[in-house]
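> Numbering (the numbering used here), first residue to last: 1289 to 1446. Virtual Cβ for every residue (Gly too), placed ideally from N, Cα, C. If you're wondering where the values come from, they're calculated on a predicted model, not measured in any experiment.
#1: If residue 1382 and residue 1396 are in contact, beta carbons under 8 Å, what's the gap, nearest whole angstrom?
#2: So the candidates are 1363, 1384, 1307; which of them puts its Cα closest to the Cα of residue 1430?
#3: Determine the contact status of residue 1403 and residue 1442, defining contact as a CB-CB distance below 8 Å.
#4: Thinking residue 1341 and residue 1407 are a contact (beta carbons under 8 Å), I'd like their distance in whole angstroms, please.
#5: Throw me the rounded Cβ distance for the residue 1376 and residue 1307 pair, which I believe falls under 8 Å.
#6: Can you tell which of 1379, 1392, 1435 has its C-alpha closest to the C-alpha of residue 1413?
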């Protein structure tokens, strides 16, 4: 029988798309407000900050998706989903910080890099475990899941 189970990575992917839509709306609003015409890439300093912050978020989107899905598929969904949710909050902090002064976005940027690194290491651990099973018959999945579940709350530390 078919059962529908929620997929944390899929939900976070949709949430990230909504967040990017919000950022794009801010760019469009800022463009119309300060330029008085349709979208252009140059304008007031406020518009350029909004545009640059949005572009930086869009540029980070593919990397985030790859490591989120890889960590969820190869390692463990719960810590990957937690890290992904934290990444969404961090990206919001980065975007809002970038609207002020660029130095205000630095903590969000550094925090985001740390989350991406965590997801990447989860992916590597899951892939490494797969090859251990394939070649040696050793399965460390429970150990890896325990470690990632234990370490993931440490992502809350700024």
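The short version:
#1: Contact holds; Cβ gap of about 3 Å.
#2: Nearest of 1363, 1384, 1307 to residue 1430, Cα basis: 1363.
#3: No; because the gap between Cβ atoms is not below 8 Å, this pair is not in contact.
#4: The pair is not a contact, with the Cβ atoms about 22 Å apart (cut-off 8 Å).
#5: In this structure residue 1376 is in contact with residue 1307, their Cβ atoms being roughly 6 Å apart against a cut-off of 8 Å.
#6: Nearest of 1379, 1392, 1435 to residue 1413, Cα basis: 1435.
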